[in-house]
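Visitor: In terms of the numbering used here, the sequence shown opens at residue 3 and continues consecutively. Yeah, the Cβ is synthetic: ideal placement off N, Cα and C, and Gly gets one too. Take a look at the following structure, please.
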Amino acid sequence: MNPHEITRILLEYLIAARPALVDIKNLEHVSLNDVLDSLDMLGFVGFVEERFDLKIESGDFTPEQFSTVILVSQFVSHKLAILASS
Numbered sequence: 003m004n005p006h007e008i009t010r011i012l013l014e015y016l017i018a019a020r021p022a023l024v025d026i027k028n029l030e031h032v033s034l035n036d037v038l039d040s041l042d043m044l045g046f047v048g049f050v051e052e053r054f055d056l057k058i059e060s061g062d063f064t065p066e067q068f069s070t071v072i073l074v075s076q077f078v079s080h081k082l083a084i085l086a087s088s
């Protein structure tokens, strides 16, 4: 799965979970800390694990990797590539 498709899936989830986000331009670049509270973020991480069949370890969950949808998409793409090669 390519990063653009991953980004699309993540954005669709976020907008479904928080409909007000649909009005934010370039949502994929907006800090998730600015638009999600801690419970929303836990739900988002749970969605990522379930949708992409990944286990996100506590060491993986860093502010840098989960700060924007683009960075989460890159993280997911990288994890999927590792799984595909093993």
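1. Does the separation of the CB atoms of Asn35 and Ser69 fall below 8 Å?
2. Cα separation between Arg20 and Asp55?
3. DSSP on Ile58, reduced to helix/strand/coil?
4. Which residues mark the beginning and the end of the alpha helix (DSSP H) in which Val71 is found?
5. Alpha carbon to alpha carbon, how far is Arg53 from Val78? Give it in angstroms, no decimals.
Guide: Reading off the structure:
1. Walking along the sequence shown from the start, residue 35 turns up at place 33. Walking along the sequence shown from the start, residue 69 turns up at place 67. Contact: yes.
2. For this step, residue 20 is matched to residue 18 along the sequence shown. For this step, residue 55 is matched to residue 53 along the sequence shown. Near 23 Å, if we compare the C-alpha coordinates of Asp55 and Arg20.
3. As a working note, residue 58 is residue 56 in the sequence shown. Reduced to three states, the DSSP call for Ile58 is coil.
4. Residue 71 sits at position 69 when you count from the first residue of the sequence shown. Its alpha helix (DSSP H) spans residues 71–87.
5. Here residue 78 refers to the residue found at position 76 of the sequence shown. Here residue 53 refers to the residue found at position 51 of the sequence shown. Each residue's alpha carbon lies about 10 Å from the other.
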